[in-house]
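Visitor: This is the structure, below, for whatever I ask next.
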Amino acid sequence: MNIFSEVKEHLTARQAAEYYGLKVKRNGTTCCPFHDDKHPSMKIEKNYHCFACGVGGDVIDYVSRMFGLSQFDAALKLIGDFTLPVDAKGSAELSVQEKERIHREKAERERIAHIKERFEKWCSQTIDILRNCILEVDDVNHFLIGKPLDIIFSEDYAQMLHAEPLINYWLDILCMGDISERQELFLMDRKKVEEIAGRVCAGRKRIMGCSRGSA
Ligand SMILES: [Zn+2]
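FYI, the numbering for the sequence shown is 709 to 923, going by the working numbering.
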């Protein structure tokens with residue numbers, strides 16, 4: 709049995725209401741304390757119900773509404789005020805567990821939102837990076853027109869040409885793929901994307917830089 713049902717075993721709404729100052733007629737009717745009631749609109753015994761404003765509930769609900777307390781604090785107040793033989797300690801610990809659970813769930817929701825945010829950011833940044841890689845490959849293609857064969861057959865240029873279809877494939881996924889394809893790319897190939905993009909950028913610098921230097 710929990711704290712609420714134990715409190716309700718000991719007290720009716722009427723007992724609590726009278727204790728907290730409500731005048732109840734012998735037939736269990738009273739003026740409703742929750743609206744401006746001129747004629748008794750409330751019936752109160754085990755539970756209470758107002759036929760005018762519609763409020764109603766059990767003893768805990770009454771005290772909760774009367775004093776603006778949570779259901780749990782209303783039960784604790786009743787246990788204290790009536791010195792009820794109800795052990796609130798177990799329930800209080802449960803409530804702590806409940807609070808911890810809510811806290812954990814909130815942290816988990818925030819963690820997921822954070823991952824999603826990072827993922828979306830990664831997608832848009834990676835699209836920019838890969839588009840830039842395509843431009844760099846294009847740059848080098850133009851640059852190499854009429855250049856000596858040793859530069860054209862350089863390892864850097866070979867790697868750039870090798871990377872180009874892969875970069876286009878990744879761009880297709882990022883720009884037009886569905887969420888699961890994009891997630892898979894993020895999870896499986898994040899490092900590889902970085903590495904290839906870095907290699908293209910460095911290759912372009914070496915090809916165009918060194919050739920300029922030696923020209
Ligand atoms: Zn009322």
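Even glycine gets a Cβ: it sits at the ideal position worked out from N, Cα and C.
Out of curiosity, what's the CA-to-CA distance linking D789 and H743?
Guide: Here the question's residue 789 lines up with position 81 in the sequence shown. Here the question's residue 743 lines up with position 35 in the sequence shown. D789 and H743: Cα-Cα distance of roughly 25 Å.
Visitor: If the criterion is Cβ atoms closer than 9 Å, does the pair T738 and K746 meet it?
Guide: Here the question's residue 738 lines up with position 30 in the sequence shown. Here the question's residue 746 lines up with position 38 in the sequence shown. No.
Visitor: So, using beta-carbon positions, are S803 and F827 closer together than 9 Å?
Guide: Within the sequence shown, residue 803 is the residue found at index 95, counting from 1. Within the sequence shown, residue 827 is the residue found at index 119, counting from 1. Cβ distance not < 9 Å, so S803 and F827 don't count as in contact.
Visitor: Compare the C-alpha of Y770 against each of T834, V715 and S832 and name the closest.
Guide: Counted from its first residue, the sequence shown places residue 770 at position 62. Residue V715 is the option with its Cα nearest to Y770.
Visitor: At a cut-off of 8 Å, would you count M750 as near ligand 1, judging by its Cβ distance to the nearest heavy atom?
Guide: What you label residue 750 is simply residue 42 of the sequence shown in a count that begins at 1. Yes.
Visitor: Shorter than 8 Å, the distance from the beta carbon of V715 to the closest heavy atom of ligand 1, or not?
Guide: Here the question's residue 715 lines up with position 7 in the sequence shown. Flag unset: Cβ of V715 not near ligand 1.
Visitor: For P741, does the count of other Cβ atoms within 10 angstroms reach 16, so buried, or fall short, so exposed?
Guide: Residue numbering aside, residue 741 sits at position 33 when the sequence shown is read from its first letter. Of the residues assessed, P741 falls on the buried side of the cut-off, its CB having 16 or more other CB atoms within 10 angstroms.
Visitor: Which residues does DSSP list as the beta-bridge partners of H701?
Guide: Look at the range of the chain in this structure, 709 to 923, and you will see that residue 701 is not part of it.
Visitor: Does any heavy atom of ligand 1 sit closer than 8 Å to the C-beta of F712?
Guide: Indexing the sequence shown from 1 puts residue 712 at position 4. No, Cβ of F712 sits at least 8 Å from all heavy atoms of ligand 1.
Visitor: Between H743 and ligand 1, is the CB less than 8 Å from at least one heavy atom?
Guide: Sequence index remark: in the sequence shown, residue 743 carries index 35 (1-based). Answer for H743: yes, Cβ within range of ligand 1.
Visitor: Do G762 and ligand 1 come close, with the Cβ less than 8 Å from some heavy atom?
Guide: Looking up residue 762 in the sequence shown gives position 54. Checking the 8 Å criterion, the Cβ of G762 is within range of a heavy atom belonging to ligand 1.
Visitor: If I measure Cβ to Cβ from C758 and keep anything under 6 Å in the same chain, skipping five residues before and after, which residues do I get?
Guide: By one-based count along the sequence shown, residue 758 stands at place 50. Excluding residues within five positions, the ones whose Cβ falls inside 6 Å are C740, S749 and M750.
Visitor: Among I904, E902, W878 and E903, which has the Cα closest to the Cα of E892?
Guide: Sequence index remark: in the sequence shown, residue 892 carries index 184 (1-based). Selected option, being the one with the closest Cα: W878.
Visitor: Measuring alpha carbon to alpha carbon, tell me which residue in F775, R809, R890 and N735 is nearest K824.
Guide: To locate residue 824, count along the sequence shown from 1; it is residue 116. Of the candidates F775, R809, R890 and N735, R890 places its Cα closest to the Cα of K824.
Visitor: Rounded to a whole number of angstroms, what is the C-alpha to C-alpha distance between K838 and M896?
Guide: As a first step, residue 838 is located in the sequence shown; it is residue number 130 there, counting from the start. As a first step, residue 896 is located in the sequence shown; it is residue number 188 there, counting from the start. According to the sequence shown, residue 838 is Leu rather than Lys. One C-alpha to the other measures close to 17 Å.
Visitor: Within 8 Å: the Cβ of C672 and any heavy atom of ligand 1?
Guide: Outside the shown range of the chain (709 to 923) lies residue 672, about which nothing can therefore be said.
Visitor: Identify, in the order they occur along the chain, each residue of the same chain with its Cβ nearer than 8 Å to the Cβ of L719, setting aside the five sequence neighbours on each side.
Guide: Translated into positions along the sequence shown, residue 719 becomes position 11. Correct list, in chain order: V767, L786, F790 and L792.
Visitor: Consult DSSP for T834 and reduce its assignment to one of helix, strand or coil.
Guide: Counting from 1 along the sequence shown, the entry for residue 834 is found at position 126. It is helical.
Visitor: Where do the ends of the alpha helix (DSSP H) carrying S713 lie?
Guide: Within the sequence shown, numbered from 1, the residue matching residue 713 stands at position 5. Segment I711 to H718, the alpha helix (DSSP H) holding S713.
Visitor: Does I860 pass the burial test, meaning 16 or more other C-beta atoms within 10 Å, or should it be called exposed?
Guide: The residue you call residue 860 lines up with position 152 of the sequence shown. Exposed.
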